Amino acid sequence: MSPSDLLQRFQKEFHAKPEIFNAPGRVNLIGEHTDYNDGFVLPSAIGFYTHVAVSPRSDRKLVPRSTEFAESYEFDLDNMPLHRLGSWCDYLVGVALALQQAGCRFNGANLLVHGEVPIGA
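Going by numbering that gives the first Met the number 0, the first residue of the sequence shown is number 0, and it counts up by one from there.
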C-alpha cells in the first residue's frame, strides 16, 4: 500500500487528515532475546515497514484500525481493558496503558496501521 493509498483510506474511514509515521522491520542476525539480559545482539533493518496514520481526537477514545484485519475497535482511555483481547491491537492497548501508568495524560486518537512485514515472520 502506497503512502497516498494509506492517506486516502484513512480519510475515508475517519474523515480527518492524518500524520503518517513509518518504522522499518528488523531481523536479528544473532542474539535473539539476549539484549535485555546484557547479551550481544546484531539487528539489522529490513525493507519491510509498518506505517501508521494518526489523527488526534478531542475525546479520550483510542480508535485503531488495520488494513490487514477487518475487526473494528474503540477503547475509552479512562476504562482500558486490563486483559489481552487476543487481537492485533493488544500491543497498542498495552502501550496506552503503560503510558498512562507512567503518568502521561493524553487525548484519544484515530489510527490506521498497515504492516508490510509478513504475519508470523
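The C-beta atom is built at its ideal place from N, Cα and C for all residues, glycine as well. Predicted model, so just to flag it, every value in this text is computed and none were measured.
Please report the distance separating the alpha-carbon of asparagine 78 from that of leucine 28. Mapped onto the sequence shown, residue 78 falls at position 79. Mapped onto the sequence shown, residue 28 falls at position 29. Our two residues, asparagine 78 and leucine 28, have alpha carbons roughly 40 Å apart in a direct line.
Tell me which same chain residues have a C-beta within less than 6 Å of the C-beta of lysine 113, skipping the five on either side of it? By 1-based counting over the sequence shown, the position of residue 113 is 114. According to the sequence shown, residue 113 is histidine rather than lysine. Same-chain partners within the cutoff: Met0, Leu5, His50, Thr66.
Give the single residue among Ala69, Ala101, Glu73 whose Cα lies nearest to the Cα of arginine 56. Mapped onto the sequence shown, residue 56 falls at position 57. Checking every option, the nearest Cα to that of arginine 56 belongs to Glu73.
Would you call the CB atoms of leucine 91 and proline 63 closer than 8 Å? Numbered from 1 along the sequence shown, position 92 holds the residue referred to as residue 91. Numbered from 1 along the sequence shown, position 64 holds the residue referred to as residue 63. Contact flag set, yes.
Extent of the continuous beta strand (DSSP E) to which alanine 52 belongs: Working through the sequence shown from its first residue, we reach residue 52 at position 53. Residues 42-55.
What are the boundary residues of the alpha helix (DSSP H) that arginine 25 is part of? Within the sequence shown, residue 25 is the residue found at index 26, counting from 1. From DSSP, arginine 25 is part of no alpha helix (DSSP H) but of the beta strand (DSSP E) over 18-27.
List the residues that DSSP assigns as beta-bridge partners of aspartate 75. Indexing the sequence shown from 1 puts residue 75 at position 76. Within the DSSP secondary-structure output, aspartate 75 pairs in a beta bridge with Lys60.
What does a CB cutoff of less than 6 Å around proline 42 pick up in its chain, not counting 5 residues either side in sequence? Counting from 1 along the sequence shown, the entry for residue 42 is found at position 43. Answer for proline 42: Arg25, Asn27, listed in chain order.
Hey, alanine 109 and serine 54: beta-carbon distance below 8 Å or not? Position 110 of the sequence shown, counted from the first residue, corresponds to residue 109. Position 55 of the sequence shown, counted from the first residue, corresponds to residue 54. Note that residue 109 is asparagine in the sequence shown, not alanine. Yes, these two residues count as a Cβ contact at 8 Å.
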